[in-house]
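Chains as they are written, first to last, in my numbering: chain A, 314 to 623; chain B, 737 to 1000.
For glycine and all other residues, C-beta sits at the position ideal for the given N, C-alpha and C.
As the structure is a prediction and not an experimental result, all values here were calculated from the model.
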């Protein structure tokens, strides 16, 4: 979460005007208070909304990230109801995943649809989906613990329920109740602000590569899920697997390439499996980014040389 | 001469409606504001412990507690926290227990199904750890007023962040009171069956947002008029005194006990 916060701080300083500091503090207070509203839902139930997508749309995703993180910090430190050690994970789910995912879904639907209805549809879809995905992340973070942390007797040290329980337990209530509260409340507040003070909703600049980096970050974080899939991916079978599946190994494949990769099966000796997996994902992504940047540089240099000589 | 309709008996019976959400929202805002009022009156502390040291000690205890692998350290932490609680006034003890006991019980309930497939030892283990962690944090929060906590956080964060936190807490009170007024107004105007419940609540939240924007702009204008240049001198650096040796010594003891528990 630390790189996200550092990036958010520098981005906010650039994007938000000089009035940034008070707005961040007051935005944090607003996001905190938003979580205290009891939203009435059809059927007589009530729910609470986080407002991540709403904040991302009206304040910008980076400012929303910082505001919600601060609200979570205040909740943990000032009220002492727990949540200090979980602050990083909570911030990741509620201050990073929810605003960014919600914002990008909103922009995508709004730009494709064009018009008021598309805007509201984007808001509803963005807030609903981003909250459900945040719940999914939380469920994974919890459910992965019995896999990672086991005590002497092999019993889970912390959260005891595996993913098969934690995912439906977390995601279903969010899909059924909380997501609906979030979507309904977000659209309603946005409608109100639009009606009363339309100038407040600033037109945010088009996100360029930011979306790509965000998606990359999300994929890297999801990569340990690959560890849970046993067996090889479709089409990536080795000769042994093929032999089991078909009963024989095709002649052409028997004497084929045997490529000894640097990190065979994404494992590094002495480092626990999941850690190595994520490291491989990060390193792999970084290597690709570096490679493309170097290629871009080489292209620019050759173009410059061509211009100078021609 | 009074008109006829004025002389007629009023027979209006408002229809019942499900608007508990207004009262529940009012309730949550009231509890927030009462917490602030409680915090505000507490500036005298028995022992002048530097809040930064206090915060670091609390965090250290929570981290060690979560890393502990057997009951030795948990027992030590439990004893330590009980001794600390025993030094506190009765209302504080009640307040701390009122939050931590339900949280511990809730954890126990959630973990209960897992005991069906042989996870029974974890049941007490985790619930106890959670209970003790919450007691530790609640003790810290109740004995260190928010302003000193902010000053203590200086070790962990850049000054600008502390400025933002400071603004956040002040505006939590201001915006919280505004929300309360708006919700009470909504409550008074909710007679009989009302449609558009979500829209009304969204109006409260939306008004809150617009007021937040205005307040932010006003605040920035005021800061600029007073020559705010981005630096935030935290007045009155919290001093490190002899009383701070107590938490430091306790921290050292905790680390020793933890290491001993791990290596034996």
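I want to see whether chain A comes within less than 8 Å of residue 942 (chain B), judged by CB atoms only; does it?
On the second chain, residue 942 (chain B) is found 206 positions in, with the first residue counted as 1. Yes, because at least one Cβ of chain A sits closer than 8 Å to the Cβ of residue 942 (chain B).
Taking contact to mean 3 or more Cβ pairs, one atom from each stretch, closer than 8 Å, check whether the region 428-435 of chain A and the region 394-413 of chain A are in contact.
no
Quick check on this structure: which residue in B:774, B:938, B:813 has the alpha carbon closest to the alpha carbon of residue 362 (chain A)?
For the purposes of this step, residue 362 (chain A) is identified with residue 49 of the first chain, where counting begins at 1. The shortest Cα separation from residue 362 (chain A) among B:774, B:938, B:813 belongs to B:938.
How do the region 360-375 of chain A and the region 331-348 of chain A stand: do at least 3 beta-carbon pairs fall below 8 Å, yes or no?
yes
Here's the rule: buried if 16 or more other CB atoms are within 10 angstroms of the residue's CB, otherwise exposed. What is residue 961 (chain B)?
Indexing the second chain from 1 puts residue 961 (chain B) at position 225. With fewer than 16 other Cβ atoms within 10 Å, it is exposed.
Interface residues of chain B facing residue 357 (chain A) [CB-CB closer than 8 Å]:
One-based indexing of the first chain puts residue 357 (chain A) at position 44. Ordered by position in chain B, the residues that pass the 8 Å Cβ test against residue 357 (chain A) are 754.
Okay, do the region 863-876 of chain B and the region 490-497 of chain A touch, 3+ Cβ pairs below 8 Å being the bar?
no
For residue 359 (chain A), which residues does DSSP report across the bridge?
Here residue 359 (chain A) corresponds to residue number 46 of the first chain, with the count starting at 1. Answer is A:353.
Report yes if the C-beta of residue 765 (chain B) is less than 7 Å from at least one heavy atom of the ligand MN; otherwise report no.
What this structure holds is no ligand at all, so the ligand MN is not there to describe.
Using a Cβ cut-off of 8 Å (strictly closer), state whether residue 1003 (chain B) contacts chain A.
There is no way to answer for residue 1003 (chain B), as the model of chain B reaches only from 737 to 1000.
Within chain A, partners of residue 890 (chain B) - CB distance below 7 Å:
On the second chain, position 154 is the one that residue 890 (chain B) refers to. Simply none; closest approach about 14 Å.
Which residues, in chain order, does the region 474-500 of chain A contribute to contact with chain B at a C-beta distance below 8 Å?
474, 497, 498
Cβ-based burial, residue 495 (chain A) [other Cβ within 10 Å; buried from 16]
Within the first chain, the letter at position 182 stands for residue 495 (chain A). It is buried - the Cβ of residue 495 (chain A) has at least 16 other Cβ atoms within 10 Å.
In chain order, what residues of the same chain lie with their CB nearer than 6 Å to the CB of residue 618 (chain A), ignoring the 5 residues before and after it?
By one-based count along the first chain, residue 618 (chain A) stands at place 305. The answer is none, since no qualifying residue turns up.
Any beta carbon from chain A within less than 8 Å of residue 987 (chain B)'s own beta carbon?
For the purposes of this step, residue 987 (chain B) is identified with residue 251 of the second chain, where counting begins at 1. No, no contact with chain A.
Do you know how far the Cα of residue 878 (chain B) is from the Cα of residue 795 (chain B)?
Position 59 of the second chain, counted from the start, is the residue given in the question as residue 795 (chain B). Position 142 of the second chain, counted from the start, is the residue given in the question as residue 878 (chain B). The alpha-carbon atoms of residue 795 (chain B) and residue 878 (chain B) are separated by roughly 15 Å.
Would you check if the distance between the CB atom of residue 903 (chain B) and the CB atom of residue 373 (chain A) is smaller than 8 Å?
Taking the first residue of the second chain as 1, we reach residue 903 (chain B) at position 167. Taking the first residue of the first chain as 1, we reach residue 373 (chain A) at position 60. No, the pair does not count as a contact, with Cβ atoms beyond the cut-off.
When you compare the CB of residue 757 (chain B) with every CB in chain A, is at least one pair closer than 8 Å?
Looking up residue 757 (chain B) in the second chain gives position 21. Yes - at least one Cβ of chain A is within 8 Å of the one on residue 757 (chain B).
Among B:752, B:801, B:821, B:912, which residue has its Cα nearest to the Cα of residue 861 (chain B)?
Residue numbering aside, residue 861 (chain B) sits at position 125 when the second chain is read from its first letter. The shortest C-alpha separation from residue 861 (chain B) is found at B:801.
Okay, do the region 980-987 of chain B and the region 940-950 of chain B touch, 3+ Cβ pairs below 8 Å being the bar?
no
Find out if the Cβ-Cβ distance for the pair residue 368 (chain A), residue 377 (chain A) is shorter than 8 Å.
Stepping through the first chain from its first residue, residue 368 (chain A) is reached at position 55. Stepping through the first chain from its first residue, residue 377 (chain A) is reached at position 64. Taking 8 Å as the Cβ cut-off, residue 368 (chain A) and residue 377 (chain A) qualify as a contacting pair.
Reference residue 416 (chain A); option with closest CA among A:454, A:390, A:384, A:371
For the purposes of this step, residue 416 (chain A) is taken as the residue at position 103 of the first chain. Cα-wise, what sits closest to residue 416 (chain A) is A:371.
Residue 698 (chain B) CB to nearest chain A CB: under 8 Å?
Residue 698 (chain B) lies beyond the stretch modelled for chain B, which goes from 737 to 1000, so this question has no answer here.
Same chain only: Cβ atoms within 7 Å of residue 863 (chain B), ignoring 5 sequence neighbours per side
Your numbering for residue 863 (chain B) matches position 127 in the second chain. So the list reads 840, 843, 844, 847, once near-sequence residues are dropped.
Cα separation between residue 315 (chain A) and residue 930 (chain B)?
Counting from 1 along the first chain, the entry for residue 315 (chain A) is found at position 2. Counting from 1 along the second chain, the entry for residue 930 (chain B) is found at position 194. About 47 Å.
Give me the subset of the region 404-425 of chain A whose CB atoms are less than 9 Å from a CB atom of chain B, sorted by chain position.
none
Sufficient close CB pairs (3 or more, under 8 Å) joining the region 921-930 of chain B to the region 743-757 of chain B
yes
Which residue from A:383, A:424, A:414, A:421 puts its Cα closest to that of residue 404 (chain A)?
Counted from its first residue, the first chain places residue 404 (chain A) at position 91. Minimum Cα distance to residue 404 (chain A) is reached at A:383.
Cβ closer than 8 Å: which chain A residues qualify as neighbours of residue 807 (chain B)?
Here residue 807 (chain B) refers to the residue found at position 71 when the second chain is read from its first residue. Those do not exist, as residue 807 (chain B) stays about 12 Å from chain A at its closest Cβ, beyond 8 Å.
Under 7 Å between beta-carbons, which chain B residues line up against residue 453 (chain A)? List them in chain order, please.
In the first chain, residue 453 (chain A) corresponds to position 140, counting from 1. Those do not exist, as residue 453 (chain A) stays about 18 Å from chain B at its closest Cβ, beyond 7 Å.
So is residue 316 (chain A) in contact with chain B if we call contact Cβ pairs under 8 Å?
Counting from 1 along the first chain, the entry for residue 316 (chain A) is found at position 3. Taking Cβ atoms only, chain B never reaches closer than 8 Å to residue 316 (chain A), which makes this a no.
Whose C-beta lies closer than 6 Å to the C-beta of residue 762 (chain B) among residues of the same chain, with five residues either side of it excluded?
Numbered from its first residue, the second chain carries residue 762 (chain B) at position 26. Excluding sequence neighbours, residue 762 (chain B) sits near 919.
For residue 424 (chain A), is the classification buried or exposed, using 16 other Cβ atoms within 10 angstroms of its Cβ as the cut-off for buried?
In the first chain, counting from the first residue as 1, residue 424 (chain A) sits at position 111. The residue is exposed, with fewer than 16 neighbouring Cβ atoms inside 10 Å.
Indicate the three-state DSSP secondary structure (helix, strand or coil) for residue 925 (chain B) in the structure shown.
Position 189 of the second chain, counting from 1, holds the residue named residue 925 (chain B). Here residue 925 (chain B) sits in coil by DSSP.
Just mark residue 610 (chain A) as buried or exposed, buried being the case when its beta carbon has 16 or more other beta carbons within 10 Å.
Numbered from 1 along the first chain, position 297 holds the residue referred to as residue 610 (chain A). It counts as exposed.
For the candidate residues A:419, A:483, A:512, whose alpha-carbon lies nearest to that of residue 445 (chain A)?
Locating residue 445 (chain A) in the first chain gives position 132, where the first residue counts as 1. For residue 445 (chain A), the nearest C-alpha among the options comes from A:483.
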